[in-house]
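Enquirer: Here it is, the structure in full.
Protein chains: 2
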Amino acid sequence: MNKSELEEVKSNKKVRGKKVPLKIIPLGGLGEIGKNMTAFEYNDEIIVIDCGLAFPDEDLYGIDSVIPDVTFLIKNKEKVKGIFITHGHEDHIGALPYILKQINIPVYGTKMSLGLIEIKLKDHKMLNDCTLVMVEPGELIKLDNFKVEFIRNNHSIPDSCSIALHTPIGVAVHSGDFKVDFTPIDEKMMNLQRYAELGKRGVLLLMADSTNALHKGYTMSEKSVGETLEHLFSKASGRIIVSTFASNVHRLQQISDCSIKYGRKIAFSGRGMENVSEAARALGYLFIPEDMIISLDEIKNYPNDKLTIVTTGSQGESMAALTRIAASTHRHVHIQEGDMVIISAAPIPGNEKAVSNVINDLIEKGANVIYKAIQDIHVSGHACEQELRLIQALLKPKFFVPVHGEYRHLFTHAKIAQSMGVDKANTFILENGDVLELNKTNGEVTGKVPFGRVLVDGMGVGDIGNMVLRDRKNLAENGIITVVVAIDMKNKIIISGPDIVSRGFVYVRNSEELIDQVRDIVTNVVESCLDRNITQWAEIKNSIRREVDNFVYDRMKRKPMILPVIVEI
Amino acid sequence: MNKSELEEVKSNKKVRGKKVPLKIIPLGGLGEIGKNMTAFEYNDEIIVIDCGLAFPDEDLYGIDSVIPDVTFLIKNKEKVKGIFITHGHEDHIGALPYILKQINIPVYGTKMSLGLIEIKLKDHKMLNDCTLVMVEPGELIKLDNFKVEFIRNNHSIPDSCSIALHTPIGVAVHSGDFKVDFTPIDEKMMNLQRYAELGKRGVLLLMADSTNALHKGYTMSEKSVGETLEHLFSKASGRIIVSTFASNVHRLQQISDCSIKYGRKIAFSGRGMENVSEAARALGYLFIPEDMIISLDEIKNYPNDKLTIVTTGSQGESMAALTRIAASTHRHVHIQEGDMVIISAAPIPGNEKAVSNVINDLIEKGANVIYKAIQDIHVSGHACEQELRLIQALLKPKFFVPVHGEYRHLFTHAKIAQSMGVDKANTFILENGDVLELNKTNGEVTGKVPFGRVLVDGMGVGDIGNMVLRDRKNLAENGIITVVVAIDMKNKIIISGPDIVSRGFVYVRNSEELIDQVRDIVTNVVESCLDRNITQWAEIKNSIRREVDNFVYDRMKRKPMILPVIVEI
């Protein structure tokens, strides 16, 4: 019996001979892309993997971001031992500033992940209040019931890991976001041997990335992008402007390597790009000689064919560098005939139109725009079907839970696992909030904890609910008519108004007649109420709302929000 | 000299020997997908090709549809001789009800196009006021200066045509929307021979569909979809639910043929699907034996494997049949284990998320969902690069104007034309409103007519402008705070209020303290103004707006619209 097995025995004894089940509780990331977060509970110990945000759907008017509901963790505060971060993407670390304010626990992650988390916590002025624990890939963090092992994988960010949770009843492997890249840029391949070793010893549960489960075959190596870049750089005679995700440091490395080879100075544009490239260089993930980097102020001092500008904005985000370049509102970079613009990314679902608009603007201004649809200038960071089959073959888990995907991705991934030998009864397509209890032989969903989306708007976290959103949708589509009338309640007469003020409804200067008619209607409604001795505000307001609503709908087939205000004098 | 040549001579004489130029004036469809409309002016005659609408972008809050600005046509009312419709899709006929109300001119089109236009004009209760002239593919409509020839092409709707405009200075060919389908369902192939004949005699100008200019190769024949359908129908054991565009009558025919072959009754669901399938059958474009069609009420009388349900909703539109089926709100159809749902369409850019949601919901309810990303169950109606090259080869035009596309499509199509021999100086990437003047040897953009997007919201056409849209955006993202205060101007005191009413801002019950603080701020502002003898409403309102805005932004980093109303007593 080796040391770790001995500890396992000890740890089992702690629950006094009785084997308690392992609980798996996804708080986000299932049935959606984003806000990945999963809790694992054993005995009196809870650990959490990842703490991500989601970007708001278009029906979430005015919302900045969406984070998971962590009521369950707060209720069990004393049990929660740490958050373990697989990698530094927003959908895995973005909720940390909000969650750590509610429950301050240690955060474990690799160097690159922590570097990005630090930037975030600094922004929120809370870096000094938080405990960040750096781990190496391969390292094992020992808690009372859990041992948390970081296993290197490959993804579109350096230092990404899968996590193996060693528990008294067996090993649970969480793949994290991953692909199998046989030729990664940093030459650090996913630790498939450790996967195989764990599989050989027996894996209780696998939870794995479903993002690309619908795609057959293999995801191409990051290196293949380098070949396309090399080809493009070799024939470019003007400036090269490349847009990609700032966190895709290996992409930045390849862009930089090409630039260096062709004697092009490199300038970074966009706050995220500047921050991340600086952090990645400081931490030893991005290697660019100091003298090859210039600031945007300096680009005017170099000939076009000696310049590469690396920007944010690959998703057409309205304030990002490339979008500003396309709209001619960038302070330093204006498109010239002969510029080559490379968008080295694919549009995230929902961003297709914004990206198209940027491409059209750039071409119209004379740029030669290279993008994914016309050239292989991007590869995914997520495993396709064959890679998903590979990790099934290595791990041979007893139970399987597909994660990180919409329902169709989870469903398809479950089918893949079953075709690789996982029992159908041992495959669980979970929803956020589900409590899956596993023992060595059986699994069962036994309950539900609070779950859902908490909306972040400005400084407000969770103060925007469905009613406010419904109002915003209504205001967005129809505008508002405010009706103010001052009533002398003693004498039952209108003493001022009605004043009609509208916003987002019609252009008032062209609609004076309509507004006059609304005013007449309100006057009639109020006088009629007063004549009939109706003096309850609520009733008068309802009458105003109903009559104005009917009139406007009849006339215009529109339903603006009607907001009556009665001033009682 | 044959008869038509004689007429050409006569027509030339009308301009008294002096050759006037042909003017081409796109009013919509350039730099965008949608609202296709082009005016052609020669001498004292104007004709128009197509009259389409565009679907609103997501930033057009509350807008139902977008139509072209036709100020130019209204100004030249007496010159405009007719609107010639290439085919019956919304982006080519959808603006007719609005435009015909402004300028009532004859509409020429093939039988299927007019059938769909009639449905539309009936909805607007204006069918009897309009002049619809039916033409056959191959027919020539003779006006004073123009002869308008309809040439059959292939597209994702029956009876689609290109148009050749014979003018005194030469022939202009407008491709309409087209693909080259060598095996069309109705066996009526695009009239490539007529294209060749015109090309042989000399074509002055080609304007052609750029939608798929970025796609290499050929667009597959509609018949290839039939093969996939046949395969799916042959293995289905439950109900088959197929969603597609109602106007894709050839697709409906193939779905019906498969259903008939496998003894499945056919039920149509969704208003558009019911209307169009009925019209297409009545007009002789869709052939289904009467006894194979059943109503939705009757589906319960048939076993699952004897049923095909054909629905609207292939774009995830919120009220369409398939969306209601997915959400379990359809009155007749509820997903059962074993249902096969075929989405025989591709998401139009912008609809990707809505379609994904429908797919996820259907799979979650137990349906086997077949869609474009996982099986070849749809083909485009637009020509790819090789087909675009083919018509260049047949027509060999002197001048070329790419149409029907965003800038990148037009740009790429222009390059294709140039590589086929069109002179670069004779290639014009136009914008809406441009006036291109052509004579036999030269072309030049000589001016601009009014152009742009007219917004339709309910019954209102063009009454929503940028100010209203800006307000709607602001309301959508931040909500509104209405501040009402009644002031006794004689005594310079507040006699009622301030009343604070917010919508879409925060959930008021949880924010009483905040609202109280806003009330205090307004009281202070107003009292301070009155103390300082400021009695101009505008100034008091501005002070209220500024102070409340600052307070809310400091506290919450939000910027709701502030609407102060002062009631003077």
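So the protein lines, in turn, are chains A and B.
Residue numbering for the first sequence follows my numbering, starting at 2 and increasing by one per position.
Residue numbering for the second sequence follows my numbering, starting at 2 and increasing by one per position.
Where is the CB? At the ideal position from N, CA and C, for every residue including glycine.
Here the structure is a predicted model, which is why all the values come from computation and not from measurement.
Between which residues of its own chain and His-331/A is the CB-CB distance below 6 Å, once the five residues before and five after are set aside?
Expert: Only Arg-325 meet the Cβ criterion.
Enquirer: Excluding the 5 residues preceding and the 5 following Val-16/A in the sequence, name in chain order all residues of the same chain whose CB lies nearer than 6 Å to its CB.
Expert: Caution applies to Val-16/A, whose pLDDT of 44 falls short of 50 and renders its modelled position unreliable; the model cannot decide the point.
Enquirer: Is Met-293/B near the ligand FMN, in the sense that its beta carbon is under 8 Å from a heavy atom of that ligand?
Expert: Here there are no bound small molecules, and the ligand FMN is not part of this structure.
Enquirer: From Met-191/B, Pro-138/B and Met-208/B, pick the residue whose C-alpha is nearest to that of Val-172/B; which is it?
Expert: That would be Met-208/B, whose Cα lies nearest to the Cα of Val-172/B.
Enquirer: Can you give me the Cβ contacts of Ile-430/B inside the same chain, cut-off strictly under 6 Å, excluding the 5 residues immediately before and after it?
Expert: For Ile-430/B, where only same-chain residues beyond five positions count, the Cβ hits under 6 Å are Leu-411 and Ala-415.
Enquirer: Is the beta carbon of Ala-247/A sitting closer than 9 Å to the one on Asn-276/A?
Expert: Cβ distance < 9 Å, so Ala-247/A and Asn-276/A count as in contact.
Enquirer: Name, going along the chain, the residues of the stretch 216 to 241 of chain A whose beta-carbon falls closer than 8 Å to a beta-carbon of chain B.
Expert: From the stretch 216 to 241 of chain A, no residue has a Cβ closer than 8 Å to chain B.
Enquirer: For Pro-98/B, does the three-state DSSP call read helix, strand or coil?
Expert: DSSP places Pro-98/B in helix when its eight states are reduced to three.
Enquirer: So, using beta-carbon positions, are Val-174/B and Ile-164/B closer together than 9 Å?
Expert: Closer than 9 Å, so yes.
Enquirer: Just the C-alpha distance for Val-21/A and Ile-47/A, rounded to the nearest angstrom, thanks.
Expert: Spanning the two alpha carbons is a distance of roughly 13 Å.
Enquirer: Could you check which residue in Gly-406/B, Met-557/B and Arg-252/B has the C-alpha nearest to that of Met-274/B?
Expert: For Met-274/B, the nearest C-alpha among the options comes from Arg-252/B.
Enquirer: Which residue's Cα is closest to the Cα of Glu-478/B: Val-457/A, Phe-552/A and Tyr-196/A?
Expert: Checking every option, the nearest Cα to that of Glu-478/B belongs to Val-457/A.
Enquirer: Taking only three categories from DSSP, how would you classify Glu-540/B?
Expert: Of the three classes helix, strand and coil, the one that applies to Glu-540/B here is helix, per DSSP.
Enquirer: Against Glu-407/A, what residues of chain B qualify as contacts under a CB-to-CB distance less than 7 Å, listed in chain order?
Expert: Chain B residues near Glu-407/A: Ser-357 and Asn-361.
Enquirer: Considering only C-alpha positions, which residue in the set Glu-407/A, Ile-392/A, Met-191/A and Tyr-263/A is nearest to Ala-355/B?
Expert: Among Glu-407/A, Ile-392/A, Met-191/A and Tyr-263/A, the Cα nearest to that of Ala-355/B belongs to Glu-407/A.
Enquirer: Who are the neighbours of Pro-350/B on chain A, taking C-beta pairs under 8 Å?
Expert: Here the neighbours are Glu-353, Lys-354 and Ser-357.
Enquirer: Quick one: is Gly-422/A buried, meaning 16 or more other Cβ sit within 10 Å of its Cβ, or exposed?
Expert: Exposed.
Enquirer: Return helix, strand or coil for Lys-493/B, following the three-state DSSP convention.
Expert: In this structure, Lys-493/B counts as coil in the three-state DSSP scheme.
Enquirer: Do His-93/A and Met-113/A come within 9 Å of each other at the CB atom, strictly closer than that value?
Expert: Taking 9 Å as the Cβ cut-off, Met-113/A and His-93/A do not qualify as a contacting pair.
Enquirer: Answer with buried or exposed for Asp-517/B, where buried requires no fewer than 16 other C-beta atoms within 10 angstroms of its C-beta.
Expert: Exposed.
Enquirer: Counting only Cβ pairs nearer than 8 Å, list the residues of chain B close to Tyr-62/A.
Expert: Near Tyr-62/A (Cβ distances below 8 Å), the residues of chain B are Ala-477, Glu-478 and Gly-505.
Enquirer: With distance defined between alpha-carbon atoms, name the residue in Ala-268/B, Glu-291/B, Pro-290/B and Asn-352/B nearest to Val-311/B.
Expert: That would be Ala-268/B, whose Cα lies nearest to the Cα of Val-311/B.
Enquirer: Going by C-alpha distance, which of Phe-183/B, Gly-382/B, Pro-350/B and Thr-132/B is nearest Phe-85/B?
Expert: Of the candidates Phe-183/B, Gly-382/B, Pro-350/B and Thr-132/B, the one whose C-alpha sits nearest the C-alpha of Phe-85/B is Thr-132/B.
Enquirer: Closer than 6 Å by C-beta to Thr-447/B: which residues in its own chain qualify, once you throw out the five before and the five after it? Chain order, please.
Expert: Excluding residues within five positions, the ones whose Cβ falls inside 6 Å are Val-436 and Glu-438.
Enquirer: Listing by chain order, which chain B residues have their CB less than 8 Å from the CB of Asp-500/A?
Expert: Chain B residues near Asp-500/A: Val-566 and Val-568.
Enquirer: Assess, as a yes-or-no matter, whether the stretch 61 to 75 of chain A is touched by the stretch 107 to 123 of chain A under the definition of 3 or more beta carbon pairs within less than 8 Å.
Expert: Taking 8 Å as the limit for Cβ pairs, the verdict is that the stretch 61 to 75 of chain A does not touch the stretch 107 to 123 of chain A.
Enquirer: What are the partner residues of Arg-409/A, as DSSP defines its beta bridges?
Expert: Partner(s): none; Arg-409/A has no beta bridge.
Enquirer: Measuring CA to CA, which of Pro-398/B, Leu-476/B and Gly-453/B is closest to Ala-426/B?
Expert: Taking only the C-alpha atoms, the option nearest Ala-426/B is Pro-398/B.
Enquirer: What is the DSSP secondary structure of Ser-211/A, counted as helix, strand or coil?
Expert: Ser-211/A: coil per DSSP, three-state reduction.
Enquirer: So who's on the other strand from Arg-400/A, going by DSSP bridges?
Expert: Checking the sequence, you will find Phe at residue 400/A rather than Arg. Looking at the DSSP assignment, Phe-400/A forms a beta bridge with Leu-206/A.
Enquirer: My assumption, with CB atoms under 8 Å, is that Ile-364/A sits in contact with Tyr-372/A. Please give the rounded CB distance.
Expert: Ile-364/A to Tyr-372/A, Cβ: 10 Å. No contact.
Enquirer: In its own chain, which residues sit with a C-beta less than 7 Å from the C-beta of Asp-555/B, not counting the 5 before and 5 after it?
Expert: Closer than 7 Å at the Cβ level, and outside the excluded window around Asp-555/B, lies no residue.
Enquirer: Which complete alpha helix (DSSP H) runs does the stretch 181 to 251 of chain B hold, if anything under 4 residues is left out?
Expert: Counting whole runs of 4 or more residues, the stretch 181 to 251 of chain B contains the alpha helix (DSSP H) stretches 193 to 202 and 223 to 236.
Enquirer: Please go through the same chain and pick out, in chain order, the residues whose beta-carbon is closer than 7 Å to the beta-carbon of Asn-249/B, but skip the five residues on each side of it.
Expert: Ser-157 and Ile-158, listed in sequence order.
Enquirer: Looking only at its own chain, which residues have a Cβ that is under 7 Å from the Cβ of Tyr-303/B, when we skip the five neighbours before and after it?
Expert: Here the set comprises Lys-266.
Enquirer: Report the residue ranges of all alpha helix (DSSP H) runs contained in full by the stretch 43 to 86 of chain A; include only those spanning at least 4 residues, in chain order.
Expert: 72 to 76, all fully within the stretch 43 to 86 of chain A.
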